[in-house]
Each structure stands twice: as structure tokens, then as C-alpha cells.
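Asker: Here it is: the structure, laid out below.
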Amino acid sequence: MSNPPLDYDAKEMQNGPKDHKSHLYLIDGSGFIFRAFHALPPLTRIDGTPINAVYGFTTMLLKILEKTDVDYFCVVFDVARRNFRHDIYPEYKANRPPPPPELVPQFPLIRDVCHAFNVAILEQEGFEADDLIATYASKALKENMNVTIVSSDKDLMQLVKPGVDMLDPLKDRKI
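Just so you know, we're using this note's numbering here: the sequence shown kicks off at 443 and counts up by one.
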């Protein structure tokens, strides 16, 4: 399993066997961080740093890594709360509260987990993880790759079509 370069092209994808169609897994990292944080009881390191989201995210990532044998695998994160939609519609998600203070120090730790497992991270200022997942899924399809979106976010189901499926790891179900 290797990490997808951010600017891969068709020539780079043709190095595999001709009868093998490359497969890209796009993990909704931001969604899993929040689900793990709210699903697990408070856990802390010996220094008091909260790690419940780190633990839940790592458990989910390991489960997926152990069950899959794909060519490209990456975790997609939101970067900031403000994105291009706020310029179009200032009230976009205006009522959404900021992340809980106990979650904030876990974000860099979760990125460290991805690096430790040699899993690529996709994130871009001004875009939500959903936007990046849709963009990379579309680009991968154009490069004749299969795509699996790993998320429990029902909004991403609109991306499912021939060549793109969705895995909900909480229900252990492919769509």
C-alpha cells in the first residue's frame, strides 16, 4: 500500500499490472475525529492531555488498514472552520459551535498517528473534507481508478456511482 501523491497523473498510475485497476480509499478523517470524541469516555495521557478521540480514531484506522489491501489510502481533514461557502453565504454553519477545548489538542496527535502509519493526509485551507473527497474521487475516476469513500456522513452518499462505493465502518457496511 502506498500513499497517493497530491498531484498524481495517469502515467504514474500505469506502473501496476495491466489487469489491475488501482483502488483509492478516501477516509473522512474529520468525521471520525468528532464521532470518536463524542462516543468515548474521557481518556487522558499521564500528563493530562485528552486522547479519547486519538484512541477512537486510531482504532478505526487500524481496523480499516487490517481489512483492506488497496493501492492508495489517505485520510482527509478539514483545515479550518471558514471556507469558500462563507463568502457566498455568511450564515453557513453559523450555529455550529467550535470544537470542544478537550478535542483541540488531539488534532495534531491524530495527524501524528497518520504519519506513524505512513498514511497520507489530504487537507487544503478553505475547503471542507467533503469537498476534497468529492474532488479526489472525481479525479481518480477519470484516471480509471476504483474509489472507496470511508465515512458515516450520509451527505457523501451522493458520490456513490459505478466505480465509487462507500464504506460505513460504524455499521461495517458497504454501500
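All C-beta atoms in this analysis are idealised placements derived from N, C-alpha and C, irrespective of residue type, glycine included. Owing to the predicted nature of the structure, the values given are computational and were not obtained by experimental measurement.
1. As an exercise, report each continuous beta strand (DSSP E) stretch of at least 3 residues that is fully enclosed by the segment 565-611, in chain order.
2. Suppose you measure from the CA of residue 583 to the CA of residue 608; what does that come to, to the nearest Å?
3. What is the rounded straight-line gap between the Cα of residue 615 and the Cα of residue 603?
4. For the alpha helix (DSSP H) containing residue 515, name the first residue and the last one.
5. Going by the DSSP bridge assignment, what does residue 552 pair with across the sheet?
6. Report the CB separation of residue 591 from residue 517 in whole angstroms; it is logged as a contact under 8 Å.
7. Under the assumption that residue 496 contacts residue 575 (Cβ atoms under 8 Å), give the Cβ distance between them as a whole number of angstroms.
8. For the candidate residues 549, 617 and 580, whose alpha-carbon lies nearest to that of residue 596?
9. Just mark residue 599 as buried or exposed, buried being the case when its beta carbon has 16 or more other beta carbons within 10 Å.
10. Take the Cβ of residue 440 as the centre, count every other Cβ of all protein chains shown within 10 Å, and call the residue buried at 16 or more, exposed below.
11. Assuming residue 588 contacts residue 465 under a Cβ cut-off of 8 Å, what Cβ separation, rounded to an integer in Å, is found between them?
12. Distance check for residue 468 and residue 606, CA to CA, integer angstroms please.
13. Rounded to whole angstroms, what's the CA-CA distance from residue 510 to residue 539? Just pull it up for me.
14. State the start and end residues of the unbroken alpha helix (DSSP H) segment that holds residue 475.
Answerer: Quick answer:
1. Qualifying beta strand (DSSP E) stretches, in chain order: 588-592 and 606-610.
2. About 14 Å.
3. The straight-line gap from Cα to Cα measures roughly 16 Å.
4. Taken as a continuous stretch (DSSP letters only), residue 515 belongs to no alpha helix (DSSP H), being part of the beta strand (DSSP E) at 514-518.
5. BP columns for residue 552 are empty, so no partner.
6. Residue 591 to residue 517, Cβ: 12 Å. No contact.
7. No, residue 496 and residue 575 are not in contact; Cβ-Cβ is about 22 Å, not under 8 Å.
8. Taking each of 549, 617 and 580 in turn and checking the Cα distance to residue 596, the smallest one comes out for 617.
9. Around the beta-carbon of residue 599, fewer than 16 other beta-carbon atoms lie within 10 Å, marking it exposed.
10. As shown, the chain starts at 443 and ends at 617. That puts residue 440 outside it, with no answer to give.
11. Right, their Cβ atoms sit about 5 Å apart.
12. Answer to the nearest angstrom: the Cα atoms are 10 Å apart.
13. Counting only the Cα atoms, residue 539 lies some 35 Å from residue 510.
14. First-last of the alpha helix (DSSP H) with residue 475: 471-481.
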